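Trainee: Let me begin by handing over the structure; questions about it come next.
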Amino acid sequence: GAVAVGRRLDGTPSLSGPGLSGAAAVAPTGRTTTVSVTMKDMHYHPATVDVPAGNRLVISLTNADPDQVHDLYLAGGAHSPRLSPGQKATVDAGVITAATQGWCTIVGHRSMGMELEVRVNGASVGQGSESPAVGTGRRKVDLSQAPGRGFTTRDARLPSLLPGRTHPMTLTVTESVQEVAPATTIHAMTYNGRVMGPVIHARIGDTMNVHLVNRGTMGHSIDFHAGIVSPTPNMRTIAPGASLDYRFTLPRAGVWLYHCSTMPMSSHIAAGMFGAVIVPPRDLASADREYVLVQSESYLDARNGAEVNADKIAAETPDLTMFNGHANQYVFAPLTAKVGERVRIWVLAAGPSRGISFHVVGTQFDTVFKEGAYLLRPDNPEGGGAQALDLSSAQGGFVEMTFHEPGKYTFVNHSFVEMERGARGLIEVTA
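Residue 5 is where the sequence shown starts when you use our numbering, and the numbers rise one by one after that.
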């Protein structure tokens, strides 16, 4: 495998380590402690390394995971490159004078257990002395502002049914910096280049032939809830540069989630790796307009362009809740309809964790379809209507309504804390 050497960022060894505040400097011994550490199953093996004070520490690092990319970053600054499966690196940590920690910098891996403890003379890192946890407080985002000039509003219209009954499709995984709110960007992970992958619209009984290509920097995968297949071959994680073919039929109607199933799934979904498969129920009546709204959450680092914050994901403290990959795009580019038209909105809660209570201010739903069945139809004998469609994470459905008057109608997640994080938009209705 490839061999690389990581050094402290300033290129020099430390003679007084973190946690020694006020203590006398430790003299280098001139000796070197060399250890072998293997990375596999979201852990370092061994997870604890013992070093005499003053010894230089050299870590021989091997990535033994078959499909995951890993690295090692030590709190003092020494680090390895990102290692693909089977690759090796040597990390020269310099002279060790106090207990310290190392961790994998791949998003979410540290929170899943990839921490390496370096003990000195048997002592561990004291609480608060090294690498404090990232704060989980919400980042302030001004949602009154318009999206950036370079942002293209996601077309919310339901795409046409795919032609034919067998559908070859390539989904390419890439990673890039993308806007998710005004003046707010993340290092996104995407299918076909955007936060939230393409909407797939096909019929009951159709066959999907999906070719997944990983052009990212870490392992990725895909899980289609619309199919019934063994996860073992189809949803396996593939390394950067690899590909797989995933074939399935669409046996039932619904609004089906697809997402990356590589651990930690929460981080990959929060970074943009999700999408919807729309399979209409049999004999679905026509509508004048059809839209798709997929809700997801984003967990922001303090810096623009950074990876999603795994600590916030674990603490369930999202900064943004948004439709179709951007927190307020449909406030500034409203959906449209006309008085008297029947409007159908397909809704999916992609998560990774939050559900939705979908509501359109100023109207009522006369049709509600949730998770494969109608809950309400226009001709119901009770004369009933609905005000909200409630969906847990990974659930989907659709609602229908007719607008009686022109105006601007707001659609929201009626869990208002989510609405105030960006889960809102407008429908502009004209006469």
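Note that beta-carbon positions come from the ideal geometry of N, C-alpha and C, so glycine has one too.
What you are looking at is a predicted structure, and each value in this text was computed from that prediction instead of being measured.
Assess contact between the region 424 to 435 and the region 371 to 390, defined as three or more Cβ pairs (one per stretch) separated by less than 8 Å. Is contact present?
Mentor: Segments in contact, no.
Trainee: Alpha carbon to alpha carbon, what distance is there between residue 56 and residue 126?
Mentor: Taking the straight line joining both Cα atoms gives about 8 Å.
Trainee: Would you tell me roughly how many angstroms separate the C-alpha atoms of residue 486 and residue 88, rounded to the nearest one?
Mentor: An answer regarding residue 486 cannot be provided, because it is not within the stretch 5 to 435 covered by the chain.
Trainee: Using only alpha-carbon positions, find the residue among 39, 60, 59, 80 that is nearest to residue 66.
Mentor: Minimum Cα distance to residue 66 is reached at 39.
Trainee: Roughly how many angstroms lie between the CA atoms of residue 428 and residue 338, to the nearest whole one?
Mentor: Taking the straight line from one Cα to the other gives about 10 Å.
Trainee: Can you tell me whether DSSP reads residue 315 as helix, strand or coil?
Mentor: Note: residue 315 maps to helix in three-state DSSP.
Trainee: Is residue 364 near the ligand SAH, in the sense that its beta carbon is under 7 Å from a heavy atom of that ligand?
Mentor: With respect to the ligand SAH, the structure shown offers nothing to examine, as it has no ligands at all.
Trainee: Does the Cβ of residue 226 have 16 or more other Cβ atoms within 10 Å, making it buried, or fewer, making it exposed?
Mentor: With 16 or more other Cβ atoms within 10 Å, it is buried.
Trainee: Taking 8 Å as the cut-off, does the region 108 to 124 touch the region 140 to 153 (at least 3 CB pairs, one atom from each stretch)?
Mentor: No, they do not touch.
Trainee: Which value, in whole angstroms, describes the spacing of the CA atoms of residue 26 and residue 96?
Mentor: Residue placement at residue 26 cannot be trusted, given a pLDDT of 34 that sits under 50; the coordinates are not used to answer.
Trainee: For residue 423, which residues in the same chain have their Cβ closer than 8 Å to its Cβ, ignoring the five residues on either side in sequence?
Mentor: Cβ neighbours of residue 423 beyond the five flanking positions: 325, 416, 417.
Trainee: Any chance you could list the alpha helix (DSSP H) runs of at least 4 consecutive residues sitting entirely within the region 268 to 303, in chain order?
Mentor: The region 268 to 303 contains these whole alpha helix (DSSP H) runs: 269 to 274.
Trainee: The beta strand (DSSP E) that contains residue 407, what's its start and end?
Mentor: No beta strand (DSSP E) contains residue 407, which DSSP labels as neither H nor E.
Trainee: Tell me which same chain residues have a C-beta within less than 7 Å of the C-beta of residue 258, skipping the five on either side of it?
Mentor: Contacts found: 283, 375, 376, 400.
Trainee: For the alpha helix (DSSP H) that residue 236 lies in, which residues bound it at each end?
Mentor: Where residue 236 is concerned, the enclosing alpha helix (DSSP H) stretches over 235 to 238.
Trainee: Between residue 379 and residue 351, is the Cβ-Cβ spacing less than 8 Å?
Mentor: Their beta carbons are not under 8 Å apart, which means residue 379 does not touch residue 351 by this criterion.
Trainee: Rounded to whole angstroms, what is the Cα-Cα separation between residue 286 and residue 182?
Mentor: Cα to Cα, the separation comes out at about 38 Å.
Trainee: Per DSSP, which residues does residue 417 bridge with? Please list them.
Mentor: Residue 417 pairs with 362.
Trainee: For residue 61, tell me which candidate among 46, 232, 237, 94 has the shortest Cα-Cα distance.
Mentor: Among 46, 232, 237, 94, the Cα nearest to that of residue 61 belongs to 94.
Trainee: Please confirm if the region 73 to 91 is in contact with the region 154 to 171, defined as three or more CB-CB distances below 8 Å between the two stretches.
Mentor: Segments in contact, no.
Trainee: With DSSP run on the structure shown, which of helix, strand or coil describes residue 336?
Mentor: Note: residue 336 maps to helix in three-state DSSP.
Trainee: Where do the N-terminal and C-terminal ends of the beta strand (DSSP E) with residue 110 fall, by residue?
Mentor: From DSSP, residue 110 is part of no beta strand (DSSP E); its letter is neither H nor E.
Trainee: For residue 307, count neighbouring Cβ atoms within 10 angstroms of its own Cβ and tell me buried if that reaches 16, exposed if not.
Mentor: Under this definition residue 307 is an exposed residue.
Trainee: Going along the chain, which residues of its own chain have a beta-carbon closer than 6 Å to the beta-carbon of residue 229, five neighbours each way excluded?
Mentor: Contacts found: 260, 261.
Trainee: Under three-state DSSP, which class holds residue 423?
Mentor: It is helical.
Trainee: Between the region 190 to 198 and the region 290 to 310, do three or more beta carbon pairs fall short of 8 Å?
Mentor: Taking 8 Å as the limit for Cβ pairs, the verdict is that the region 290 to 310 does touch the region 190 to 198.
Trainee: In this structure, what does DSSP give as the bridge partners for residue 348?
Mentor: Per DSSP, 294, 404.
Trainee: If you draw a straight line from the alpha carbon of residue 369 to that of residue 353, how long is it in whole angstroms?
Mentor: Looking at the two C-alpha atoms, the distance is approximately 18 Å.
Trainee: In three-state DSSP terms, what is residue 115?
Mentor: Helix.
Trainee: Just how far apart, CA to CA, sit residue 276 and residue 381?
Mentor: Cα-Cα distance, rounded: 34 Å.
Trainee: Please go through the same chain and pick out, in chain order, the residues whose beta-carbon is closer than 7 Å to the beta-carbon of residue 58, but skip the five residues on each side of it.
Mentor: Cβ within range, chain order: 30, 31, 32, 33, 99, 101.
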